[in-house]
Amino acid sequence: MKTRVPDLLDDLETRSADARAGDQLARVNEQIARVAAAADTCLPEVGTLQSLDDLRHLPVLRKSDLAKWQAEKPPFGGLPVSNVAHVFQSPGPIYEPGGITPDWWRMGRFLRAVGIGADDIVQNCFGYHLTPAGMMFESGARAVGAAVLPAGTGQTELQVTAARDIGTTAYAGTPDYLKVILDKADQMGVPLKLTRAAVGGGALFPSLRQEYADRGILCMQCYATADLGNIAYESQALEGMIVDEGVVVEIVIPGTGTPVAEGEVGEVVVTSLNPDYPLIRFATGDMSAVMPGQSPCGRTNMRIKGWMGRADQTTKIKGMFVRPEQVATLVAKHSEVTRARVIARREGEQDAMTVQLESTGTDAQAYAASVVETLKLKGKVELFAPGALPKDGLVIEDQRSYD
1 MKTRVPDLLD DLETRSADAR AGDQLARVNE QIARVAAAAD TCLPEVGTLQ
51 SLDDLRHLPV LRKSDLAKWQ AEKPPFGGLP VSNVAHVFQS PGPIYEPGGI
101 TPDWWRMGRF LRAVGIGADD IVQNCFGYHL TPAGMMFESG ARAVGAAVLP
151 AGTGQTELQV TAARDIGTTA YAGTPDYLKV ILDKADQMGV PLKLTRAAVG
201 GGALFPSLRQ EYADRGILCM QCYATADLGN IAYESQALEG MIVDEGVVVE
251 IVIPGTGTPV AEGEVGEVVV TSLNPDYPLI RFATGDMSAV MPGQSPCGRT
301 NMRIKGWMGR ADQTTKIKGM FVRPEQVATL VAKHSEVTRA RVIARREGEQ
351 DAMTVQLEST GTDAQAYAAS VVETLKLKGK VELFAPGALP KDGLVIEDQR
401 SYD
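Given below as structure tokens:
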């Protein structure tokens, strides 16, 4: 008799590979039919698939395509979107729909894996404005029966006070911000009851996870995007990330739609099974690899190694994407600046950004406002003489260690 995994959301997580493939093939074909029936769709016509392997013959949809389509046919580029309750904006700008049907982004599976349930109060420190992260995690908390403190970020003293007064037991937010709250609580001499943390929007570094563990907090991460919702998540086995039941994930050669061999690093391409927003072979721009075998936690779906960098040079710093085109815009704003390089580092268990500029100017602070305006983040500015920066093609360099 099969032993039930205690932190499952449903039995889909332990079904056989054949049952999963058959169900997902049927749902993928339904998505294709929805797109084909849309009178103003921008996608090319495709036929019925005979197996999930046939996905490789379909074109890859990229964010640049989506942005172009949305500019031509706002707000969703002609895709057959339905049951829209919210519209969100991501950098680009790109607009994403949001629904209010139960667990629309499928975050409940992740929160349950962390051990969050009906006895918990979740301090949700993801943003609720323009971007969907706050709503994503709130809908997941609702799916597992947990209450939510919609905290967002900032006003850390008030966050600590609320956590104490309400008795929050779980945290949801970026990996770094939990440390900010805990350090402030220490300064204030306020004991907190946090024992679980569900994080995303940035890398969870091993040293930071260990620091939380030393404080008695189990911290686990998911891999999710505004467009697709939850893609993969950690279980308490902490061996890779288990692909969510509501998506089909392929790992392909970057810039192509050709799948790589199991274990090889490539770009993550996702087909969503959400009927309200049919994204077929949507390229995330993230790199990962398939892990062999099955998770010892008992879940049977494919595992990936988690985030392993970007297929392009786009890098997430402090939970925000910094893109090469933004760096180019920064250079173009100043006639005396010839080149720029953005460097992501870790300082004191938090992300830090340095912007190096080749410039004939001498006042680094003169560029601080342009950095914030263009990159949407504060960072240290360093000036170099024209021609001094490395000529290696990098405009964004990630010096953080993920080991």
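In this note's numbering, the protein residues as written are 1 to 403.
In this text, a Cβ means the ideal position worked out from N, Cα and C, and glycines have one as well.
The model shown is predicted, which means the values in this text are computed figures rather than measured ones.
Can you grab the Cα-Cα spacing for the pair residue i / residue j, in whole Å?
i: Gln140; j: Pro132; result: Note on residue identity: the sequence assigns Gly, not Gln, to residue 140. C-alpha separation (whole angstroms): 12 Å.
i: Ser288; j: Gly309; result: 8 Å
i: Pro150; j: Val247; result: 27 Å
i: Ile32; j: Ala38; result: 10 Å
i: Val28; j: Phe282; result: 13 Å
i: Ala21; j: Pro102; result: 24 Å
i: Gly78; j: Thr271; result: 17 Å
i: Gln236; j: Gly92; result: 35 Å
i: Lys63; j: Pro206; result: 31 Å
i: Ala85; j: Met136; result: 13 Å
i: Gln89; j: Val35; result: 22 Å
i: Arg215; j: Glu325; result: 41 Å
i: Asp183; j: Gly189; result: 10 Å
i: Gly458; j: Asp176; result: Limits of the chain in this structure are 1 at one end and 403 at the other, which puts residue 458 out of reach.
i: Thr284; j: Ala147; result: 31 Å
i: Leu405; j: Lys316; result: Nothing about residue 405 can be read from this structure; the chain reaches only from 1 to 403.
i: Ala344; j: Val252; result: 26 Å
i: Arg96; j: Cys125; result: Here residue 96 is Glu; the residue named in the question, Arg, does not match the sequence. Approximately 21 Å, taken between the alpha carbons.
i: Tyr223; j: Glu239; result: 14 Å
i: Leu383; j: Gly255; result: 34 Å
i: Arg4; j: Thr195; result: Note that Arg4 scores 40 on pLDDT, short of 50, meaning its location in the model is unreliable; the coordinates nonetheless yield the value given after this. About 24 Å.
i: Asp165; j: Ile181; result: 14 Å
i: Pro75; j: Thr314; result: 24 Å
Taking Cβ to Cβ, would you say residue i is nearer than 9 Å to residue j?
i: Gly348; j: Asn274; result: no
i: Val371; j: Val381; result: yes
i: Ala113; j: Leu9; result: yes
i: Gly152; j: Gly117; result: no
i: Val290; j: Glu262; result: yes
i: Leu417; j: Val160; result: Any answer about residue 417 is impossible in this case: the structure gives the chain only from 1 up to 403.
i: Ala340; j: Leu357; result: yes
i: Thr362; j: Pro386; result: no
i: Val327; j: Ile304; result: no
i: Ala352; j: Gly379; result: yes
i: Leu12; j: Glu336; result: no
i: Ala185; j: Cys219; result: no
i: Val342; j: Thr329; result: no
i: Gln123; j: Ala67; result: no
i: Gln210; j: Met241; result: no
i: Ile121; j: Thr168; result: yes
i: Gly108; j: Ala143; result: yes
i: Ala226; j: Trp307; result: no
i: Asp276; j: Ser51; result: no
i: Gly266; j: Pro59; result: no
Run through DSSP, which three-state label would residue i get?
i: Ala151; result: coil
i: Val84; result: coil
i: Ile32; result: helix
i: Leu49; result: coil
i: Lys68; result: helix
i: Gln350; result: strand
i: Tyr177; result: helix
i: Glu138; result: helix
i: Arg341; result: strand
i: Leu218; result: strand
i: Ile100; result: coil
i: Gln89; result: strand
i: Thr205; result: A quick correction: the sequence has Phe, not Thr, at residue 205. Coil.
i: Arg196; result: strand
i: Ala146; result: coil
i: Phe110; result: helix
i: Gln399; result: coil
i: Thr161; result: helix
Using the rule of at least 16 other Cβ atoms within 10 Å of the residue's Cβ for burial, across every protein chain shown, is residue i buried or exposed?
i: Pro191; result: exposed
i: Glu234; result: buried
i: Glu72; result: exposed
i: Pro390; result: exposed
i: Asp53; result: exposed
i: Ile100; result: exposed
i: Tyr402; result: exposed
i: Gly47; result: exposed
i: Leu111; result: buried
i: Thr374; result: buried
i: Ser295; result: buried
i: Met1; result: Here the model assigns Met1 a pLDDT of 29, short of 50, so the residue's position is not dependable and the matter cannot be decided.
i: Glu157; result: exposed
i: Ala213; result: exposed
i: Gly134; result: buried
i: Asp398; result: buried
i: Gly293; result: exposed
For residue i and chain C, any beta-carbon pair shorter than 9 Å?
i: Leu208; result: Looking at the structure shown, chain C is missing, and only one protein chain is on hand.
Original post:
Which runs of the beta strand (DSSP E) fall wholly inside the stretch 241-328 and span at least 3 residues, in chain order?
Top reply: 241-243, 247-252, 266-272, 282-288, 315-317, 320-322
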